[in-house]
Amino acid sequence: MATENKKNSVTKIMRVLHRDIGFLMIGLTLVYCVSGIILLYRDTNLFTVDKRYVEQIAPNTPADELGDALELRRLNVTEESTDTIYFNYGTYCKSTGLADYTINTYPDWVWQINGFHKTKSRFGAHWMGLTYGVLLLFLAISSLWMYKPKSSKFKRGLVLTAVGLILAVLALYI
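My numbering puts the first residue of the sequence shown at 1, with every later residue one more than the last.
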């Protein structure tokens with residue numbers, strides 16, 4: 001009888017924790033979902049806006065150094081005149097050093113939430129990703145305490161777990 005009470009108390013604690021952490025995870029998951037969906041389409045212009053920049057750099061910067069000076073990847077010079085360099089994002093006046101260009105980029109709020117997916121261990125935000133991963137792992141494991149091991153719902157849960165693992169492995173080869 002004492003073993004059964006102990007089992008019930010562990011089951012009860014796991015169910016309460018599963019419920020409370022599950023509600024907490026709803027908010028975190030919403031942010032991660034939006035970020036993940038946006039990142040899926042990062043090779044398109046979906047969710048991006050045009051942002052205009054007017055920047056002062058050193059006058060008479062050579063065309064081949066313009067991309068580095070403006071910190072623009074994939075800058076291609078299309079035309080060069082006596083005083084102006086034309087490139088795929090805009091123009092650069094050689095005599096004044098004034099660059100006027102427009103790039104297609106994410107709004108600031110998108111950059112912020114995408115940081116959750118891209119963070120590295122040396123940044124403080126990695127704790128958010130680590131916490132999220134650990135809580136998801138807890139939810140997955142604690143779900144085993146939702147039903148009695150001999151019930152059909154528990155067995156169905158184990159089958160679905162196996163299907164999920166198989167799908168994850170198959171996705172690696174697609």
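Glycine residues also receive a C-beta, built at the ideal position from the N, C-alpha and C atoms.
Note that the coordinates shown come from a computational prediction; the quantities given were computed from them, not determined experimentally.
query                                                                                              : result
Contact belief for P59 with S95 at Cβ below 8 angstroms, rounded distance in angstroms             : 6 angstroms
Local conformation of G238 per DSSP, three classes                                                 : Only positions 1 to 174 of the chain appear in the structure, and residue 238 is not among them; the question remains open.
T105 vs V54 beta-carbon contact at 8 angstroms                                                     : no
Whole-angstrom distance between D20 and D108, CA atom to CA atom                                   : 32 angstroms
Buried/exposed call for Y173, threshold 16 Cβ in 10 Å                                              : exposed
Three-state secondary structure assigned by DSSP to Y132                                           : helix
Meets three-Cβ-pair contact criterion under 8 angstroms: the stretch 113-126 and the stretch 64-74 : no
Exposure label - L249; buried when at least 16 CB within 10 Å                                      : Beyond the ends of the chain as shown, which are 1 and 174, falls residue 249; an answer cannot be given.
M1 - DSSP class collapsed to helix/strand/coil                                                     : Legend: pLDDT at M1 = 47, less than 50; position of this residue unreliable, value from coordinates given subsequently. Coil at M1, not helix or strand.
Reduced DSSP secondary structure (H/G/I, E/B, other) of N76                                        : coil
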